[in-house]
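Numbers in our numbering are just positions in the sequence shown, counted from 1, shifted up by 35.
Note that CB positions come from ideal geometry on N, CA and C, so glycine has one too.
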Amino acid sequence: MFKKILYPTKFEEFSLPILQNITCLRRAGLEEVILLHVIDPGNLYTEVDGGIPIAVDTIRKAITSSIDLMREAASRRLSAYADYLCSEGIKVKTELATGRVVSEILRTATENDVSLIVAGRQKRDVLGEIFVGSTTDRVIRKAKAPILVARYHTLRMAGDEVQERFCTDMFRKILYTTDWSPNAERAKMYLPMLRGAGTSELVVVHVLEEFANFVDVPYEMKVEALAVATRNSQDNLDRLTRELEAEGFRVKASLLCGKPYREIMRVATEENVSMIVMGSYGKSLMQGILWGNVSQRVVEYSEKPVLVVK
36 MFKKILYPTK FEEFSLPILQ NITCLRRAGL EEVILLHVID PGNLYTEVDG GIPIAVDTIR
96 KAITSSIDLM REAASRRLSA YADYLCSEGI KVKTELATGR VVSEILRTAT ENDVSLIVAG
156 RQKRDVLGEI FVGSTTDRVI RKAKAPILVA RYHTLRMAGD EVQERFCTDM FRKILYTTDW
216 SPNAERAKMY LPMLRGAGTS ELVVVHVLEE FANFVDVPYE MKVEALAVAT RNSQDNLDRL
276 TRELEAEGFR VKASLLCGKP YREIMRVATE ENVSMIVMGS YGKSLMQGIL WGNVSQRVVE
336 YSEKPVLVVK
């Protein structure tokens, strides 16, 4: 399914290690990687002399010169990335674009009919602040292809010390979370392919949302709904476990209750998974409405790489 991957890069510190990580998808059918670097002229404008704008012609010439230099430098770095991929037996296409970053990523993905977009991330703030960034967030919202948000390096506090963590084998052990929605079912279709990339173990999680959140529902209805939902969900998990075991995976399935994104991240940490695979949104058990905050929060706060499938 991941025959053609789009990898936009700003040449951050861990861009190449992330690229090296995903080359194992060659065993799962990867044929081509499109390397993209986007130069946004809007970020090159500046003011000088106490805020007095430079003459328009001067600005235009300065920006043109800067873009030319940036394209030359980016071309060299893309070539180095391309040489590495070619040495791994993967076909490569490099693109240098000028324009708005998100628009160019989406355009390139559509024109090349890619099957996956990889969005690399840099270091996570020690205090755990929001770190996804507007570019990644907007690509996830607007792209039609699945998005792999790949963390390579994170920082966290352990007592009084800062610990660094590196992801060196992101397909080793996968947490697949499902709410039985169509998007979650589409995400499930990618699991057998990831087995070819080295995944042998799956942690499968379904989270029943806390019924205390539904304040307008009588207590008796909450209890009955929870009992029915628990029985149905456990039956679904049992069937899913048998299905995935038949594919050759070792499976550990859990039915949980609580805040979905918190439970997903807790299990991901406790089970030491290397990646989370999930649909792009879920469905409220009681209200039957679509919500998008679960996948968004997991992508935003998780220390693990996250594959989001629409």
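Mind checking who residue i pairs with in its DSSP beta bridge?
i, result
"Ile74", "Thr133"
"Ile311", "Leu210, Val341"
"Gly124", "According to DSSP, which records beta bridges pairwise, Gly124 is partnered with nothing at all."
"Val68", "Ile40, Val127"
"Gly155", "Ala185"
Would a C-beta distance cut-off of 7 Å place residue i and residue j closer than the cut-off?
i, j, result
"Ala154", "Thr171", "yes"
"Asn218", "Ser337", "no"
"Ala115", "Val127", "no"
"Val149", "Val73", "no"
"Ile311", "Lys294", "no"
"Arg221", "Val334", "no"
"Ile152", "Arg61", "no"
"Val238", "Leu210", "yes"
"Ala109", "Leu141", "no"
"Arg173", "Glu236", "no"
"Leu65", "Phe37", "yes"
My understanding is that residue i touches residue j, with C-beta atoms under 8 Å, so please give their C-beta distance in whole angstroms.
i, j, result
"Val240", "Ser289", "5 Å"
"Leu71", "Thr133", "Actually they do not touch by this definition, with Cβ atoms about 12 Å apart."
"Leu183", "Leu51", "Incorrect: roughly 16 Å between the Cβ atoms, too far for contact."
"Gly283", "Ala63", "Not a contact, Cβ separation roughly 14 Å."
Residue i lies in the alpha helix (DSSP H); which residues open and close that run?
i, result
"Met228", "226-230"
"Ser50", "50-57"
"Ser169", "169-177"
"Arg61", "Element bounds for Arg61: n/a, residue is neither H nor E."
"Ala185", "Taken as a continuous stretch (DSSP letters only), Ala185 belongs to no alpha helix (DSSP H), being part of the beta strand (DSSP E) at 182-186."
"Ser216", "Here Ser216 belongs to no alpha helix (DSSP H), and DSSP marks it neither H nor E."
Considering only C-alpha positions, which residue in the set the options is nearest to residue i?
i, options, result
"Thr129", "Tyr42, Glu66, Ser101, Gln55", "Tyr42"
"Ile40", "Phe49, Ser268, Cys59, Asp273", "Cys59"
"Arg111", "Phe46, Asp214, Arg277", "Phe46"
"Arg301", "Gln269, Arg277, Arg332, Gly283", "Arg332"
What residue range is occupied by the uninterrupted beta strand (DSSP E) comprising residue i?
i, result
"Val149", "Where Val149 is concerned, there is no enclosing beta strand (DSSP E), given that its DSSP letter is neither H nor E."
"Glu236", "236-244"
"Ile43", "What sits at residue 43 in the sequence shown is Pro, not Ile. That run of the beta strand (DSSP E) goes 39-43."
"Ser289", "285-293"
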